[in-house]
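Written below as structure tokens is the structure these notes are about.
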Amino acid sequence: MDAICIKDLKKDLKKQMDDSRFEHTMGVMYTCGALAMRYGYDLDKAMLAGLMHDCAKCLPNAKKLRMAEKHHLEISDLERKNPFMLHAKLGAYLARKKYDIEDQEILDAIRWHTTGRPEMTLLDKIVYVADYIEPRRDKAPHLPEIRQLAFVDLDRTLIRILEDTLGYLGDSPEHVDYMTKKTYDYYMLKNGEKS
Numbered sequence: 699m700d701a702i703c704i705k706d707l708k709k710d711l712k713k714q715m716d717d718s719r720f721e722h723t724m725g726v727m728y729t730c731g732a733l734a735m736r737y738g739y740d741l742d743k744a745m746l747a748g749l750m751h752d753c754a755k756c757l758p759n760a761k762k763l764r765m766a767e768k769h770h771l772e773i774s775d776l777e778r779k780n781p782f783m784l785h786a787k788l789g790a791y792l793a794r795k796k797y798d799i800e801d802q803e804i805l806d807a808i809r810w811h812t813t814g815r816p817e818m819t820l821l822d823k824i825v826y827v828a829d830y831i832e833p834r835r836d837k838a839p840h841l842p843e844i845r846q847l848a849f850v851d852l853d854r855t856l857i858r859i860l861e862d863t864l865g866y867l868g869d870s871p872e873h874v875d876y877m878t879k880k881t882y883d884y885y886m887l888k889n890g891e892k893s
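According to the numbering used here, the stretch in the sequence shown is residues 699 to 893, in order.
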């Protein structure tokens, strides 16, 4: 994707998002770029995925649910009760259909940026981590350590973020997407740690 397209996408997203969401999106885009440089990943792809990760976030929740139903996206009971959780799935759909992004790796990174998944690609990890550590974030626990760790070991960073997420949400199925727990268990086992 060339620079002109990125510029056009930024303009369009700025109209679709409130100011704080757009600032967050810019922070994620540039953090994706920094992580891509650190881990030797394609800079343009990483920044595009970061730019588009929340492209469905500012849609009203009722509209998220209607659109997901209309386009036959899988909707869990948890997502039906909390339609804001659909923004990742819907974002991947919009990135493809509205913004003509066809790169499946980018679409998958958008799709999984909130829960993670077992066997994440490098781009999945970059977007997931960048969304958590971007410079405007200030509420998450352990941010200074996690930000440093992100440039040392992405798998250990994923585990730390997932631990903090699960600790915050609790282990209750009515609050936690099953994929978040599955991702945590996978990376704990892969890294030889006990959950």
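Cβ atoms here follow ideal geometry from the backbone N, Cα and C, with glycine treated the same way.
Proximity of residue i and residue j at Cβ, strictly below 9 angstroms
i    : j    : result
D789 : A828 : The question names Asp, but residue 789 is Gly in the sequence shown. No.
P833 : T729 : yes
M909 : T812 : This structure leaves residue 909 out entirely; the chain is present only between 699 and 893.
I857 : Y882 : yes
L746 : I799 : yes
D716 : C756 : yes
P839 : G814 : no
L733 : L841 : no
I831 : Y737 : no
Cutoff 7 angstroms; reference residue i; Cβ partners in own chain excluding five residues on either side
i    : result
K768 : none
K880 : P816
M699 : In this predicted model, M699 has a pLDDT of only 49, less than 50, meaning its place in the structure is not dependable; the value taken from the coordinates is given anyway. Within the same chain, M699 has close Cβ partners D742, L746.
T878 : T813, G814, L860, T863, L864
Outcome for residue i when other beta-carbon atoms lying within 10 angstroms are tallied against a minimum of 16
i    : result
H751 : buried
V726 : buried
P781 : buried
D822 : buried
L763 : buried
V850 : exposed
G748 : buried
Option nearest residue i by Cα separation, candidates the options
i    : options                : result
K761 : R778, S774, L749, I824 : R778
I773 : M886, Y876, N889       : Y876
Q714 : Y737, G731, P758, G738 : P758
K708 : Y826, I831, A793, Y830 : A793
Y826 : Q846, T855, D836, Q802 : T855
G731 : A848, K888, G890       : A848
Contacting residues, own chain, Cβ-Cβ under 8 angstroms from residue i (five flanking each side not counted)
i    : result
R809 : A786, K787, G789, A790
F640 : Only positions 699 to 893 of the chain appear in the structure, and residue 640 is not among them; the question remains open.
D806 : A790, T819, L821, D822
A701 : Legend: pLDDT at A701 = 48, less than 50; position of this residue unreliable, no value from coordinates given.
N889 : D853, R854, I857
Cutoff 6 angstroms; reference residue i; Cβ partners in own chain excluding five residues on either side
i    : result
Y797 : none
Y884 : P816
I704 : none
Please determine if the stretch 734-744 and the stretch 780-789 are in contact, where contact requires at least 3 C-beta pairs separated by less than 8 angstroms. no
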